[in-house]
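A.B. asks: Take a look at the following structure, please.
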Amino acid sequence: MLRDDRRMLEGARDLAIAFNIGRAEEAIHRLKSGVGLDSSDLPHFVRIADLFLDVLEAYQWIAQTFQGAAGSVRPDALRLFQLVLPAVRDSMSEAPPADVFSELATTAGSIGAGQVVSAEQRDRFERALRQLASVATRQGIDALETKPAVASFSQLPKLALM
Amino acid sequence: MTFSANADKAIGYIAQRLDVWIDALRTELDEAQSRFELGDDRAAASFLKILRAVLEEHASAFGRYKAASTAPAGDRFRWFGIIGLGLAGLVYHLALLIQKGSRPSVFTGMCTRRSHRSRSVTQGASG
């Protein structure tokens with residue numbers, strides 16, 4: 061696969077991650093307002109849970125590498141780790157990385173399944189989602205701007221508001 | 003005017019523009035799909051169907067964000083922003099598909115290269 065093609069796919073995936081996060085955040089807002097989730101909300105939380113599990117897998121592989129006992133890891137998981145790391149850096153000072161990723165995956169799964177989570181846990185989850193959405197949208201647009209299709213890609217959102 | 007009223011006004015304005023953009027993109031995708039189907043370029047038409055499905059996902063999410071009138075303005079701005087960037091991504095892929103002379107991409111490489119022309123997608127996107 062050509063480098064630009066891979067960048068384009070990564071950009072599309074980053075924007076899809078941001079999309080899932082937007083849906084999840086809105087669903088959590090509804091939940092906090094006393095309105096329950098509906099069946100269309102669940103896939104977004106499942107995808108977010110899978111994302112954090114992939115990141116956990118990548119982190120464990122990196123940790124094993126430093127101990128000289130690494131197996132293999134999917135390149136996709138490593139890239140997701142790079143994507144998520146800036147978004148959860150603040151939480152790293154409060155808990156070991158593996159615990160942070162594991163808790164975020166568990167929280168996503170629990171909320172999606174309609175289970176009650178603590179307010180603190182939900183706040184940490186929301187904070188991570190906000191930061192991750194910001195990183196994902198920025199990287200998504202950067203990736204697509206590698207090869208502008210029609211004009212400067214960064215102009216497009218502005219054009220929509222003209 | 004209070005900050006809240008100003009924020010509501012800005013959100014209303016952005017929502018209006020996103021509505022226009024979604025409608026324009028819907029039309030643009032449908033037209034492009036018809037052209038590719040007429041040209042018997044089924045791979046390109048299939049890819050456009052995928053883009054169309056993604057657009058409907060965005061339209062559905064946008065509907066929810068518009069309805070979330072009690073959510074903090076900052077959150078609604080961010081959610082609208084995600085939709086806007088998602089739509090920009092769709093415009094990018096559509097433009098790459100129909101742009102004459104563009105290098106075959108991982109998607110368009112599956113499609114027969116043709117000399118289809120379309121009116122500027124940025125015209126459609128700008129409403």
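Residue numbers (the working numbering), protein chains in the order written: chain A, 61 to 222; chain B, 3 to 129.
Note that the Cβ used here is the ideal one computed from N, Cα and C, for glycine as well.
Source: prediction; values computed, not measured.
1. For GLU70/A, which residues in the same chain have their Cβ closer than 6 Å to its Cβ, ignoring the five residues on either side in sequence?
2. If you run the structure through DSSP and keep just helix, strand and coil, what is LEU97/A?
3. Are the CB atoms of VAL195/A and ALA147/A nearer to each other than 9 Å?
4. Quick one: Cα of ASP64/A to Cα of GLU205/A, how far?
5. To the nearest whole angstrom, what separates the beta carbons of ASP114/A and GLN199/A, a pair I think is in contact under 8 Å?
6. Report the rounded CA-to-CA distance for GLN181/A versus PHE49/B, giving the unit in angstroms.
7. Give me the chain A residues within the contact set of ALA73/B, using Cβ-Cβ distance strictly less than 8 Å, ordered along the chain.
8. For a test of the three-state rule: what should DSSP assign to PRO157/A, helix, strand or coil?
9. Evaluate the contact criterion for the segment 83–90 of chain A versus the segment 122–132 of chain A: three or more CB pairs, one atom per stretch, below 8 Å.
10. Go to ALA61/B, then tell me how far its alpha helix (DSSP H) extends in each direction, as first and last residue.
11. Using only the alpha-carbon positions, how far apart do LEU53/B and GLY128/A sit?
12. Whose CA, out of ILE13/B, ALA17/B, ALA9/B and GLU33/B, lies closest to the CA of LEU96/B?
13. Taking the alpha helix (DSSP H) that ALA118/A falls in, what are its first and last residues?
14. May I ask which residues mark the beginning and end of the alpha helix (DSSP H) holding PRO135/A?
15. Short of 7 Å in beta carbon distance, which residues of its chain neighbour VAL108/B, apart from the five on each side in sequence? Order them along the chain.
16. Taking only three categories from DSSP, how would you classify ALA90/B?
17. By alpha-carbon positions, which one of ARG19/B, ALA9/B and ILE24/B ends up nearest to GLY91/B?
18. What first and last residue would you give for the alpha helix (DSSP H) that runs through ALA173/A?
19. Is any beta-carbon of chain B found at less than 9 Å from that of ILE81/A?
20. Is the shortest distance between the beta-carbon of GLU30/B and the beta-carbons of chain A less than 9 Å?
21. Does the Cβ of ALA7/B have 16 or more other Cβ atoms within 10 Å, making it buried, or fewer, making it exposed?
22. For ALA46/B and THR29/B, I'd like the C-alpha separation in whole angstroms.
23. I'd like to know whether the C-beta of LYS37/B is nearer than 9 Å to at least one C-beta of chain A.
24. When you compare the CB of ILE201/A with every CB in chain B, is at least one pair closer than 9 Å?
25. Could you please tell me which residues of the segment 93–120 of chain A, in chain order, have their CB closer than 7 Å to any CB of chain B?
26. May I have the straight-line CA-CA distance separating SER178/A from PHE185/A, to the nearest angstrom?
27. Ignore the nearest five residues each way along the sequence and tell me which others in VAL123/B's own chain have a CB closer than 7 Å to its CB.
28. Kindly indicate which residue of ARG78/B, ALA70/B, GLU39/B and PHE79/B has the alpha-carbon position closest to the one of GLY94/A.
29. Leaving aside the five residues before and after ILE13/B along the sequence, list all residues of the same chain whose C-beta is less than 8 Å from its C-beta, in chain order.
30. Can you tell me where the alpha helix (DSSP H) holding VAL195/A begins and where it ends?
31. On the criterion of 16 or more Cβ atoms from any shown chain inside 10 Å, does GLN35/B qualify as buried, or is it exposed?
C.D. replies: To lay it out plainly:
1. Taking the first residue of the first sequence as position 1, residue 70/A is located at position 10. Only ALA203 meet the Cβ criterion.
2. Numbered from 1 along the first sequence, position 37 holds the residue referred to as residue 97/A. Note: LEU97/A maps to coil in three-state DSSP.
3. Counting from 1 along the first sequence, the entry for residue 195/A is found at position 135. Counting from 1 along the first sequence, the entry for residue 147/A is found at position 87. Contact: yes.
4. Within the first sequence, residue 64/A is the residue found at index 4, counting from 1. Within the first sequence, residue 205/A is the residue found at index 145, counting from 1. Rounded to whole angstroms, ASP64/A to GLU205/A spans 10 Å at the Cα level.
5. For the purposes of this step, residue 114/A is taken as the residue at position 54 of the first sequence. For the purposes of this step, residue 199/A is taken as the residue at position 139 of the first sequence. Actually they do not touch by this definition, with Cβ atoms about 16 Å apart.
6. In the first sequence, the residue the question calls residue 181/A occupies position 121. In the second sequence, the residue the question calls residue 49/B occupies position 47. Cα-Cα distance, rounded: 40 Å.
7. For the purposes of this step, residue 73/B is identified with residue 71 of the second sequence, where counting begins at 1. Within 8 Å Cβ-Cβ: GLU86 and HIS89.
8. The residue given as residue 157/A occupies position 97 in the first sequence. The answer is helix: DSSP assigns PRO157/A an H, G or I state.
9. no
10. For the purposes of this step, residue 61/B is identified with residue 59 of the second sequence, where counting begins at 1. Looking at the DSSP string, the run of the alpha helix (DSSP H) that includes ALA61/B is 44–69.
11. Indexing the second sequence from 1 puts residue 53/B at position 51. Indexing the first sequence from 1 puts residue 128/A at position 68. Their Cα atoms are separated by approximately 44 Å.
12. Along the second sequence, one-based indexing puts residue 96/B at 94. With distances taken between Cα atoms, LEU96/B lies closest to GLU33/B.
13. As a position in the first sequence, residue 118/A is number 58, starting the count at 1. Its alpha helix (DSSP H) spans residues 102–126.
14. On the first sequence, position 75 is the one that residue 135/A refers to. PRO135/A -> alpha helix (DSSP H) spans 135–152.
15. In the second sequence, the residue the question calls residue 108/B occupies position 106. Residue placement at VAL108/B is poorly supported in this model, since its pLDDT is 42, which falls under 50; the coordinates are not used for a value here.
16. To locate residue 90/B, count along the second sequence from 1; it is residue 88. Helix.
17. Taking the second sequence and counting its residues from 1, one reaches residue 91/B at position 89. Measuring from the Cα of GLY91/B, the nearest candidate turns out to be ILE24/B.
18. Here residue 173/A refers to the residue found at position 113 when the first sequence is read from its first residue. Here ALA173/A belongs to no alpha helix (DSSP H), and DSSP marks it neither H nor E.
19. The count along the first sequence starts at 1 and reaches residue 81/A at position 21. Answer yes: the Cβ-Cβ gap between ILE81/A and chain B drops below 9 Å somewhere.
20. By 1-based counting over the second sequence, the position of residue 30/B is 28. Chain A, which has no Cβ nearer than 9 Å to the Cβ of GLU30/B, makes this no.
21. Counted from its first residue, the second sequence places residue 7/B at position 5. Per the 10 Å Cβ criterion, exposed.
22. As a working note, residue 46/B is residue 44 in the second sequence. As a working note, residue 29/B is residue 27 in the second sequence. So the alpha carbons of these two residues sit roughly 16 Å apart.
23. On the second sequence, residue 37/B is found 35 positions in, with the first residue counted as 1. The sequence given here has Arg at residue 37/B, not Lys. Judged by the 9 Å Cβ criterion, ARG37/B is not in contact with chain A.
24. In the first sequence, counting from the first residue as 1, residue 201/A sits at position 141. By this cut-off, ILE201/A is an interface position.
25. SER93
26. Along the first sequence, one-based indexing puts residue 178/A at 118. Along the first sequence, one-based indexing puts residue 185/A at 125. Rounded to whole angstroms, SER178/A to PHE185/A spans 11 Å at the Cα level.
27. As a first step, residue 123/B must be located in the second sequence, where it is residue number 121. Since pLDDT at VAL123/B reaches only 35, below the 50 mark, its modelled position is unreliable, and the value read off the structure follows with that caveat. Excluding residues within five positions, the ones whose Cβ falls inside 7 Å are GLU30, VAL93, LEU96 and ALA97.
28. Taking the first residue of the first sequence as 1, we reach residue 94/A at position 34. If we check each option's Cα against that of GLY94/A, ALA70/B comes out closest.
29. As a first step, residue 13/B must be located in the second sequence, where it is residue number 11. Cβ neighbours of ILE13/B beyond the five flanking positions: ALA75, ARG78, PHE79 and PHE82.
30. Stepping through the first sequence from its first residue, residue 195/A is reached at position 135. Per DSSP, VAL195/A belongs to the alpha helix (DSSP H) from 179–204.
31. Taking the first residue of the second sequence as 1, we reach residue 35/B at position 33. Burial call: buried.
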